[in-house]
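> Protein chains in written order, with the numbering used here: chain A, 72 to 319; chain B, 72 to 319. Glycine is no exception: its CB is placed at the ideal position from the N, C-alpha and C atoms. Values in this document were obtained by computation on a predicted structure and should not be read as measured data. Quick one: the structure is below, questions incoming.
There are 2 protein chains.
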Amino acid sequence: MIESVKKACHIISCFSSEEPVLGNTEIAKKLGMNAGTTHHLVTTLCNEGVLIRDHNRRYRLGWKLLEWNNNVMFQQDIYDKAIPLVKELIHRFVGTAHIGMFDKGEVVFVLKVSSQEASPIHTYIGSRKPAYATSTGKVLLSYNSAYLQETISRGLSMQAPNTITDINKLKKDLEMVRKVGYSVSNNENSTGTYGIAAPILSYSGKTIAAVNLVGPVSYMQGSNRSMIIQSVINTAQSISQELGYIEV
Amino acid sequence: MIESVKKACHIISCFSSEEPVLGNTEIAKKLGMNAGTTHHLVTTLCNEGVLIRDHNRRYRLGWKLLEWNNNVMFQQDIYDKAIPLVKELIHRFVGTAHIGMFDKGEVVFVLKVSSQEASPIHTYIGSRKPAYATSTGKVLLSYNSAYLQETISRGLSMQAPNTITDINKLKKDLEMVRKVGYSVSNNENSTGTYGIAAPILSYSGKTIAAVNLVGPVSYMQGSNRSMIIQSVINTAQSISQELGYIEV
DNA sequence: CTTACAATTTCATAATGTGAAATTATCTTA
DNA sequence: TAAGATAATTTCACATTATGAAATTGTAAG
């Protein structure tokens, strides 16, 4: 555990959409660090292109991160192969599709695509939601008890009217997900939205990600609900096959 | 200059689309570092979520980078304001539009949007090209002599049939760019493509970025060439105005 | 011009990262 | 399946390096 590297990471994490520009002392205060130390770290990060220094001697995130990010994308085998398949989904129906992966009790969205007419959804690539409160998350939990354990240990809290906050109820729900092969999130994560998700399997048959389609409750529960479910499952299966998974 | 942070950055930069997965010793060799030291750094980066460790104990880039990246995006004032304007451009014409900014002798593309029917262009968000060989780059060079100096000092080399490799020729070209207010790259950067770029100015009137439209030589030089030029210039001006620049 | 606050630099000291070597794990090949 | 080869990980003494208090310089506001 190398302290200075850890600190450097924390410094980068200080920046957000709310606070895109920070001064040296601001950073130091936020992290409870000495201003001199902070300054050394910040200067190093500037030299590496990770931060950029203003003419006002304030700091912002730099280009290096864009470069790194692209490599995260490429690295995700799943990514390239999934894009066209997910796009098909949003052309067939109106809504927003995500691919989510599990990390530390949460779902991280690694892909987001919306139909032109879709109502806006508050997610973005890289953003996170509690696993137990999302359709993608519940798929991932239902196929991996270690994930479930990790999630439960962090506690369940109300996110929207129907969030499942009872552990036994959650386990029942996940059992059902395993049985039917898809998960549903109805007003569990944000009010008014309804998601349907299905598992993406790696070549080895392990559930490594989930695709979903999210839309307004009324639309998703409407006449083509069963068609949507089938399509989401099909998309997930196609992606799995692209990844080399062979159905038994 | 904090060594361990510098090293950590270099480790992250080791990963690329060609080598998305690396082992500890591979990294160490690539950077000429001790394997033990590398291991400590890599472990720290894993704990921070910047890297992910395989079940084979090999490493890939992690989620943290996605999170950070999103903040780079948000932070770019230019970004939010520019997207709708650039989209207009690619709806009017067929092609790929970029916004590029200068960094260390190169253009970094911070935005890329293509028309549905556009032929693929080998760029992506975060990718780089030599400044002297691209339309966006030449705009940035023509308004900033420090940029030009930096670029020249790194040398000019052939990128495509028409790349300008002579310093004086380049200077002449940049003079013209300043005069007409836009730049043209005709087979200078990749064979068969033609780009037209115009400057984006900040509130203070400084050229901070450039927009371009890229397409096949035949199309771009065709009947609506002058209309394209005018539109690119207009787009650039609209973005500048969005950023608070007031024309004198 | 003065005051106040933030950024930067300095420097002695303590803490921390370093790398050679040992150990353990994994993969290859016979 | 065992032996050999290669890679990952751990250990530890030492030297390097980061640390933070304080001094200095820079900047903004009144």
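#1: For B:Leu211, return the contacting residues in chain A, with the cut-off set at a CB-CB distance below 7 Å.
#2: Against chain A, does B:Ala79 count as a neighbour if the rule is that its beta carbon must be under 8 Å from one of theirs?
#3: For A:Gln308, is the classification buried or exposed, using 16 other Cβ atoms within 10 angstroms of its Cβ as the cut-off for buried?
#4: How is B:Lys320 classed by DSSP in three states: helix, strand or coil?
#5: Spatial neighbours of B:Val165 within its chain, please: CB distance less than 7 Å, with the 5 preceding and 5 following residues excluded, ordered by chain position.
#6: Mapping DSSP to helix, strand and coil, what is A:Ile304?
#7: Give, in chain order, every residue of the segment 100–124 of chain B whose Cβ lies closer than 8 Å to some Cβ of chain A.
#8: Please confirm whether B:Val288 and B:Asn257 have their CB atoms less than 8 Å apart.
#9: Check whether the Cβ atoms of A:Leu122 and A:Gly133 lie closer than 8 Å to each other.
#10: Using a Cβ cut-off of 8 Å, pull out every chain B residue sitting near A:Glu159, in sequence order please.
#11: Report the start-end ranges of each alpha helix (DSSP H) in the segment 207–292 of chain B that is 4 residues or longer and not cut off at the edges.
#12: Compile a chain-ordered list of the residues in the segment 207–237 of chain B whose CB is closer than 7 Å to at least one CB of chain A.
#13: So what's B:Gly171 in DSSP terms, helix, strand or just coil?
#14: Counting only beta-carbon separations shorter than 8 Å, does B:Glu318 have a partner in chain A?
#15: Would you mind telling me which residues of chain B sit closer than 8 Å to A:Ser75, beta carbon to beta carbon, in chain order?
#16: Considering only DSSP beta bridges, list what A:Arg129 is partnered with.
#17: Report yes or no: is there a C-beta of chain A within less than 8 Å of the C-beta of B:Pro201?
#18: Report all residues from its chain with a CB closer than 7 Å to the CB of B:Tyr253; omit the five preceding and five following residues, and keep chain order.
#19: Starting from the beta carbon of A:Glu138, find every residue of chain B whose beta carbon is closer than 9 Å, and list them in chain order.
#20: To which residues of the same chain is A:Gly208 closer than 6 Å at the C-beta, ignoring the five residues directly before and after it?
#21: Answer with yes or no whether the minimum CB distance from A:Pro270 to chain B is below 8 Å.
#22: For A:Ser198, which of helix, strand or coil comes out of DSSP?
#23: With distance defined between alpha-carbon atoms, name the residue in A:Ile310, A:Glu313, A:Leu102 and A:Gly263 nearest to A:Gln292.
#24: Distance, Cα to Cα, B:Ile192 vs A:Val251?
#25: Closer than 7 Å by C-beta to A:Glu74: which residues in its own chain qualify, once you throw out the five before and the five after it? Chain order, please.
#26: For a test of the three-state rule: what should DSSP assign to B:Val143, helix, strand or coil?
#27: Can you give the beta carbon distance from B:Asn95 to B:His110, rounded, assuming they're within the 8 Å contact cut?
#28: Between B:Pro91 and chain A, is any beta-carbon pair separated by less than 8 Å?
#29: Starting from B:Leu182, find everything on chain A with Cβ-Cβ shorter than 7 Å and list it in chain order.
#30: So, under 8 Å CB-CB, A:Leu136 and B:Asn118 are touching, yes? Tell me the CB distance rounded to an integer number of Å.
#31: With a threshold of 8 Å between beta-carbons, can B:Leu132 be considered close to chain A, or not?
#32: Who are the Cβ neighbours of A:Cys80 in its own chain at under 8 Å, not counting the five residues just before and after it?
#33: So what's B:Ile73 in DSSP terms, helix, strand or just coil?
#34: Mind checking A:Asn260: buried by the 16 CB within 10 Å criterion, or exposed?
#35: Helix, strand or coil for A:Ser297 per DSSP?
#36: In chain order, what residues of the same chain have a beta carbon less than 8 Å from the beta carbon of A:Thr115, not counting five sequence neighbours either side?
On the basis of the coordinates in this document:
#1: Mapped onto the second sequence, residue 211 of chain B falls at position 140. Within chain A, no residue comes near B:Leu211; the closest Cβ sits about 14 Å away, beyond 7 Å.
#2: Your numbering for residue 79 of chain B matches position 8 in the second sequence. For B:Ala79, the answer is yes, since a Cβ of chain A falls inside 8 Å of its Cβ.
#3: Residue 308 of chain A sits at position 237 when you count from the first residue of the first sequence. Buried.
#4: A query on residue 320 of chain B cannot be resolved here, the shown segment of chain B reaching from 72 to 319 and no further.
#5: As a working mapping, residue 165 of chain B is identified with position 94 in the second sequence. For B:Val165, where only same-chain residues beyond five positions count, the Cβ hits under 7 Å are Ser186, Glu188, Ala189, Gly286 and Tyr290.
#6: Locating residue 304 of chain A in the first sequence gives position 233, counting from the first residue. A:Ile304: helix per DSSP, three-state reduction.
#7: Listed by position, the residues of the segment 100–124 of chain B near chain A (Cβ gap below 8 Å) are His111, Leu112, Thr114, Thr115, Leu116, Asn118, Glu119, Gly120 and Val121.
#8: Numbered from 1 along the second sequence, position 217 holds the residue referred to as residue 288 of chain B. Numbered from 1 along the second sequence, position 186 holds the residue referred to as residue 257 of chain B. Yes, the pair counts as a contact, with Cβ atoms nearer than the cut-off.
#9: Position 51 of the first sequence, counted from the start, is the residue given in the question as residue 122 of chain A. Position 62 of the first sequence, counted from the start, is the residue given in the question as residue 133 of chain A. Taking 8 Å as the Cβ cut-off, A:Leu122 and A:Gly133 qualify as a contacting pair.
#10: In the first sequence, counting from the first residue as 1, residue 159 of chain A sits at position 88. Correct list: empty, because the minimum Cβ distance to chain B is about 15 Å.
#11: Those alpha helix (DSSP H) runs which fall completely within the segment 207–292 of chain B and span 4+ residues are 216–224, 238–251 and 288–291.
#12: Cβ contacts with chain A: none found.
#13: Position 100 of the second sequence holds residue 171 of chain B. It is a strand residue.
#14: Numbered from its first residue, the second sequence carries residue 318 of chain B at position 247. Confidence in B:Glu318 is poor, its pLDDT being 44 and thus under 50, which makes the residue's placement too unreliable to answer from.
#15: Here residue 75 of chain A refers to the residue found at position 4 of the first sequence. What A:Ser75 touches in chain B: Ile73, Ser75 and Val76.
#16: As a first step, residue 129 of chain A is located in the first sequence; it is residue number 58 there, counting from the start. BP columns for A:Arg129 are empty, so no partner.
#17: What you label residue 201 of chain B is simply residue 130 of the second sequence in a count that begins at 1. No, B:Pro201 lies away from the interface with chain A (no Cβ there is under 8 Å from its Cβ).
#18: Here the question's residue 253 of chain B lines up with position 182 in the second sequence. Cβ within range, chain order: Ile267, Ala268, Ala269, Ile300, Val303 and Ile304.
#19: Taking the first sequence and counting its residues from 1, the one referred to as residue 138 of chain A is at position 67. Neighbours of A:Glu138 on chain B, chain order: Ser84, Val179, Gly197, Ser198 and Arg199.
#20: Position 137 of the first sequence, counted from the start, is the residue given in the question as residue 208 of chain A. Once the five neighbours on either side are set aside, the close Cβ partners of A:Gly208 are Val178 and Ala202.
#21: Indexing the first sequence from 1 puts residue 270 of chain A at position 199. Cβ-Cβ to chain B under 8 Å: no for A:Pro270.
#22: The residue you call residue 198 of chain A lines up with position 127 of the first sequence. DSSP places A:Ser198 in coil when its eight states are reduced to three.
#23: Start at 1 with the first residue of the first sequence, and residue 292 of chain A comes out as number 221. With distances taken between Cα atoms, A:Gln292 lies closest to A:Gly263.
#24: For the purposes of this step, residue 192 of chain B is taken as residue 121 along the second sequence, with counting starting at 1. For the purposes of this step, residue 251 of chain A is taken as residue 180 along the first sequence, with counting starting at 1. In this structure, the CA atom of B:Ile192 is about 43 Å from the CA atom of A:Val251.
#25: If you number the first sequence from 1, residue 74 of chain A lands on position 3. There are no such residues.
#26: Translated into the one-based positions of the second sequence, residue 143 of chain B becomes position 72. DSSP places B:Val143 in helix when its eight states are reduced to three.
#27: Here residue 95 of chain B corresponds to residue number 24 of the second sequence, with the count starting at 1. Here residue 110 of chain B corresponds to residue number 39 of the second sequence, with the count starting at 1. That pair is a contact at about 5 Å.
#28: Locating residue 91 of chain B in the second sequence gives position 20, where the first residue counts as 1. B:Pro91 counts as touching chain A.
#29: Your numbering for residue 182 of chain B matches position 111 in the second sequence. The contacting residues do not exist; B:Leu182 stays about 10 Å from chain A at best.
#30: Counted from its first residue, the first sequence places residue 136 of chain A at position 65. Counted from its first residue, the second sequence places residue 118 of chain B at position 47. About 19 Å; that fails the 8 Å criterion.
#31: Position 61 of the second sequence, counting from 1, holds the residue named residue 132 of chain B. Interface residue, yes.
#32: Taking the first sequence and counting its residues from 1, one reaches residue 80 of chain A at position 9. Hits under 8 Å: none found.
#33: In the second sequence, residue 73 of chain B corresponds to position 2, counting from 1. Of the three classes helix, strand and coil, the one that applies to B:Ile73 here is coil, per DSSP.
#34: Residue numbering aside, residue 260 of chain A sits at position 189 when the first sequence is read from its first letter. Looking at its Cβ environment, which holds 16 or more other Cβ atoms inside 10 Å, A:Asn260 is buried.
#35: Translated into positions along the first sequence, residue 297 of chain A becomes position 226. A:Ser297 falls in the helix class under three-state DSSP.
#36: By one-based count along the first sequence, residue 115 of chain A stands at place 44. Here the set comprises Ala79.
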